[in-house]
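J.: First residue of the sequence shown: 1316, per this note's numbering; consecutive thereafter. We put the beta carbon where it would ideally sit given N, CA and C, even for glycine. Fair warning: this is a prediction, and the values are worked out from it, not measured in the lab. Here it is, the structure in full.
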Amino acid sequence: MNLRADGKIAIVTGASRGIGRGIALALAEAGAHVVCAARDLAKLEAVVAEIAAAGGKAAAHVVDVSSRESIEALVTATVAAHGRVDVLVNNAGITRDTLLLRMKPADWDDVIATNLTSVFISTQAVMKPMLKQRAGSIINIGSVVGLTGNAGQANYAAAKAGLIGFSKSVAREVASRGIRVNVVTPGFIETDMTAAMPEAAKQAMLATVPLGRTGTPADIAGLVVYLASDASAYVTGQTVSVDGGFHM
Ligand SMILES: NC(=O)c1ccc[n+]([C@@H]2O[C@H](COP(=O)([O-])OP(=O)(O)OC[C@H]3O[C@@H](n4cnc5c(N)ncnc54)[C@H](OP(=O)(O)O)[C@@H]3O)[C@@H](O)[C@H]2O)c1
C-alpha cells in the first residue's frame, strides 16, 4: 500500500489557515509539492516556511476563489511551473449564517460563489491537464451540514449538499480517464470558522458527538492524504465524514 504522495503536485485552496493549512502540512509531509492558495499572502508564506522548515516543498499563490480569472490563473501558473496537477483540494469556504427570513441575497450569492461555483471552475480548469495525464485526484471539502441541514445555514448547507451531487456527477464522467473525485465532510473542527460559536452552543453540539471531542485540522488531513495517494486508487464518488461519529 502506498500512502505517500511523493512527487505529486497538489493545489490546496484556503491553505492560509485552519483545515486547509493542516491539509497542506500533511500533504507536504507525505511528499507532495503543495501549491498553497488563498487571499492572504503573508499567512500563505508562513505556511510555506513551516513546510520548508520541516523539509517539505511548497509555494504560495494568491487566489480569490470567488473570481473565475483568479482560479484559472492559479491552475495555469501551476501547470506552467510543474507541467502537471495531480491533486486538487477544494477547501476554501465561508459562512454567512442567518435564518432564512433574514438572509440577504448577498448572503446567499457569496456563499454559493465561494463554496460551490468556485469548485465548478477549478475542477473544469484542472480537467485538461488531468485528462492528458490520465490521472488525478480531486478532493472537495464539504460539511456534515450538507448531509443533515442546519438552522441558520440554508445557504451554506445548499452549497455543501450541491458539492456532493457535483462531485458524484463528475466522478462518473471522468472515472474511465483515471481521475477520481471524492468529498470529505468534516464535523465540528476547531478553526477560525467555529471560534465565534458561543460556549453553550459548543457544549450542546459536543454532546451529540459520540467520540466526545471537537476535531482538529489534522483529523481531516489524514483522510485527504489517503484520498490523494495511490492507496485510494479504487475509491471515487464517495462522501466520507470525519466528524467523531456525529452523523452515522
Ligand atoms: N471548521 C469546521 O468545523 C468545518 C466543518 C465542516 C466543513 N468545513 C469546511 O472546511 C473548509 C475550511 O474551513 P476552516 O474551518 O478551515 O475555515 P477558516 O478557518 O475560516 O479558513 C477558511 C480558508 O478559506 C480561505 N478563503 C475564504 N474565502 C476565500 C476566497 N474567496 N478565496 C480564496 N480563499 C478563501 C481562507 O483564506 P484567506 O482568508 O487567506 O483567503 C482560509 O484559508 C471550508 O470549506 C469549510 O466550509 C469546516
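Under a Cβ-count criterion, where at least 16 other Cβ atoms within 10 Å of its own Cβ denotes burial, should residue 1523 be classed as buried or exposed?
T.: Result: exposed.
J.: Which residue from 1478, 1536, 1319 puts its Cα closest to that of residue 1345?
T.: Among 1478, 1536, 1319, the Cα nearest to that of residue 1345 belongs to 1319.
J.: Across which residues does DSSP place residue 1444 in a beta bridge pair?
T.: According to DSSP, which records beta bridges pairwise, residue 1444 is partnered with nothing at all.
J.: Straight-line CA distance for residue 1477 to residue 1458?
T.: Distance between the alpha carbons of residue 1477 and residue 1458: 11 angstroms.
J.: Please report the distance separating the alpha-carbon of residue 1456 from that of residue 1324.
T.: So the two alpha carbons sit approximately 18 angstroms from each other.
J.: From the DSSP output, in three-state form, read off residue 1317 for me.
T.: Reduced to three states, the DSSP call for residue 1317 is coil.
J.: Of all the beta strand (DSSP E) runs that stay within the bounds of the region 1374-1460, which reach a length of 3 or more residues?
T.: Within the region 1374-1460, the complete beta strand (DSSP E) runs of at least 3 residues are 1402-1405, 1451-1456.
J.: Mapping the DSSP letters down to three states, classify residue 1564 as helix, strand or coil.
T.: One cannot answer for residue 1564 here, as it falls past the ends of the chain, which runs 1316 to 1563.
J.: Could you round the C-beta distance between residue 1402 and residue 1471 to whole angstroms and report it? I think they count as a contact, below 8 angstroms.
T.: In fact, because the Cβ distance is near 25 angstroms, the residues do not count as touching under 8 angstroms.
J.: Among 1424, 1434, 1394, 1377, which one has its Cα closest to the Cα of residue 1405?
T.: Taking only the C-alpha atoms, the option nearest residue 1405 is 1434.
J.: Using CA atoms only, rank isn't needed, just tell me which of 1541, 1430, 1528, 1355 is closest to residue 1475.
T.: Minimum Cα distance to residue 1475 is reached at 1430.
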